[in-house]
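Structure (structure tokens):
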């Protein structure tokens with residue numbers, strides 16, 4: 263089964279981000295707006311049970327922290343993905359790193375850049391139009407992060423949440 | 263904010279149910295296949311924090327149980343909703359009832375029928391065609407239930423999971 267680990271921002275932030283994704287992100291209907299902590303990886307039932315214990319420890323070592331977003335950026339020319347740049351809180355890098363070590367499969371391909379995708383799989387021309395338009399917008403958010411979610415992908419490509427991990431509140 | 267409380271069956275069961283929902287359920291893209299424990303209700307942040315504590319107690323009082331599905335049924339003529347009938351495990355009624363009492367808002371309109379929707383909002387003719395075809399199929403599942411999820415609805419009507427509650431595993 264294919265799993266991933268993500269942070270969902272609060273509802274008002276998701277709603278505003280969706281107003282952009284709706285037009286530009288073909289994954290709009292597959293998963294709500296999210297910040298990925300660990301990209302998709304394969305795990306069987308025994309492995310995921312083991313990783314859930316690890317995720318509880320990771321969550322319990324965290325405290326809620328605030329996240330700031332104030333810039334639209336792009337991964338071009340690597341990929342034509344346009345995203346909201348998230349202020350590089352150390353907490354995000356620490357969590358992402360823990361999810362690449364120990365019992366976790368190592369599946370980080372690029373260096374970790376905390377971000378929320380707005381647009382992807384655009385042609386060259388679309389990318390430059392959309393990026394030109396989105397970067398002019400005054401998109402600013404501050405949000406409090408107190409949890410992350412383990413998600414899995416169905417055959418129709420939609421992601422379902424398996425479990426939430428609330429900082430400092432997990433029973434191990 | 264609008265919340266609901268649901269059980270998601272396991273991935274193989276969701277995948278098969280989606281193969282029917284895709285054609286007949288306009289909510290197909292809004293939420294994965296689910297068994298509703300408590301219909302949509304409004305709650306503010308303070309109220310939901312209070313209810314989350316209650317939900318942890320409810321989950322901790324439960325043990326995993328098996329769910330059997332072996333019949334397609336319909337709510338017609340009340341509504342043209344076609345659903346999978348879930349064997350009436352007492353656990354489901356107990357949980358649903360606890361979510362209507364004490365600190366929870368009372369919002370149960372019909373008597374509680376544990377079910378997973380396959381098709382809804384069909385015209386009279388569609389309903390009778392689709393019901394005729396689905397009731398002939400040999401749809402049988404057995405699944406183990408060990409958690410439920412608190413979900414909330416975004417402005418685009420898609421539901422996001424806020425928190426999972428795993429039976430016997432919640433820290434209160």
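Residue numbers (our numbering), protein chains in the order written: chain A, 263 to 434; chain B, 263 to 434. We put the beta carbon where it would ideally sit given N, CA and C, even for glycine.
Assuming residue i is part of the beta strand (DSSP E), what are its boundary residues?
i	result
residue 352 of chain A	Premise fails: residue 352 of chain A lies in the alpha helix (DSSP H), 352-360, not in any beta strand (DSSP E).
residue 318 of chain B	Premise fails: residue 318 of chain B lies in the alpha helix (DSSP H), 307-322, not in any beta strand (DSSP E).
residue 279 of chain A	Careful: residue 279 of chain A lies outside any beta strand (DSSP E), inside the alpha helix (DSSP H) at 273-286.
residue 378 of chain A	377-381
residue 472 of chain A	Residue 472 of chain A lies beyond the range of chain A shown here (263 to 434); nothing can be said about it.
residue 304 of chain B	297-304
residue 332 of chain A	327-336
residue 266 of chain A	264-269
residue 347 of chain B	344-348
Compare the C-alpha of residue i against each of the options and name the closest.
i	options	result
residue 387 of chain A	A:357, A:342, A:347	A:342
residue 336 of chain B	B:377, B:418, B:274, B:423	B:377
residue 382 of chain A	A:375, A:374, A:392, A:315	A:392
residue 385 of chain B	B:340, B:348, B:402, B:354	B:340
residue 408 of chain B	A:396, A:296, A:302, A:424	A:424
residue 268 of chain A	A:358, A:310, A:311	A:358
residue 396 of chain B	B:379, B:418, B:299, B:298	B:379
residue 324 of chain B	B:312, B:333, B:354, B:373	B:354
residue 356 of chain B	B:286, B:416, B:299, B:365	B:299
residue 371 of chain B	B:319, B:326, B:414, B:303	B:303
residue 203 of chain B	B:333, B:375, B:292, B:417	Nothing about residue 203 of chain B can be read from this structure; chain B reaches only from 263 to 434.
residue 365 of chain B	B:319, B:295, B:287, B:286	B:319
residue 307 of chain B	B:297, B:406, B:394, B:263	B:263
residue 361 of chain B	B:321, B:331, B:398, B:338	B:321
residue 406 of chain B	B:326, B:292, B:309	B:326
residue 422 of chain B	B:292, B:434, B:273	B:292
Give the range of the alpha helix (DSSP H) segment to which residue i is assigned.
i	result
residue 394 of chain A	386-396
At the level of alpha carbons, what is the spacing between residue i and residue j?
i	j	result
residue 411 of chain B	residue 430 of chain A	19 Å
residue 234 of chain A	residue 400 of chain B	The question about residue 234 of chain A has no answer here: the residues shown for chain A are numbered 263 through 434.
residue 363 of chain A	residue 266 of chain A	15 Å
residue 281 of chain B	residue 344 of chain B	14 Å
residue 328 of chain B	residue 346 of chain B	15 Å
residue 290 of chain A	residue 271 of chain A	15 Å
residue 427 of chain B	residue 283 of chain A	30 Å
residue 432 of chain A	residue 390 of chain A	44 Å
residue 275 of chain B	residue 350 of chain B	18 Å
residue 301 of chain B	residue 420 of chain A	22 Å
residue 368 of chain B	residue 313 of chain B	13 Å
residue 316 of chain B	residue 418 of chain A	34 Å
residue 374 of chain A	residue 413 of chain A	19 Å
residue 331 of chain B	residue 296 of chain B	13 Å
residue 287 of chain B	residue 294 of chain B	11 Å
residue 348 of chain B	residue 311 of chain A	27 Å
residue 398 of chain B	residue 309 of chain B	45 Å
residue 416 of chain B	residue 338 of chain B	29 Å
residue 434 of chain B	residue 285 of chain A	42 Å
residue 394 of chain B	residue 352 of chain B	30 Å
residue 437 of chain B	residue 305 of chain A	Shown here, chain B extends from 263 to 434; a query on residue 437 of chain B therefore has no answer.
residue 273 of chain A	residue 273 of chain B	26 Å
Please list, in chain order, the chain A residues whose beta carbon lies closer than 8 Å to that of residue i.
i	result
residue 291 of chain B	291, 420
residue 433 of chain B	431, 432, 433
Could you work out which residues of chain A lie near residue i, taking near to mean beta carbons separated by less than 9 Å?
i	result
residue 270 of chain B	422, 423, 424
Quick one: which chain A residues come within Cβ less than 7 Å of residue i?
i	result
residue 263 of chain B	273
At a CB-CB cut-off below 8 Å, which residues of chain B make contact with residue i?
i	result
residue 428 of chain A	425
In the region 400-417 of chain B, which residues sit with their C-beta less than 8 Å from some C-beta in chain A, listed in chain order?
Correct list: 409, 411, 414, 416, 417.
What are the residues of the region 277-303 of chain A that lie near chain B, defined by any Cβ-Cβ distance shorter than 8 Å?
Going along the region 277-303 of chain A in chain order, one finds 277, 280, 284, 291, 294 with a Cβ nearer than 8 Å to chain B.
Any residues in the region 322-352 of chain B with a beta carbon nearer than 8 Å to a beta carbon of chain A? Which ones, in chain order?
With the criterion set as a beta carbon lying under 8 Å from some beta carbon of chain A, the region 322-352 of chain B has no members that meet it.
To be precise: take each residue of the region 372-383 of chain A, compare its Cβ to all Cβ atoms of chain B, and keep it if any distance is under 9 Å. Which residues remain?
Cβ contacts with chain B come from no residue of the region 372-383 of chain A.
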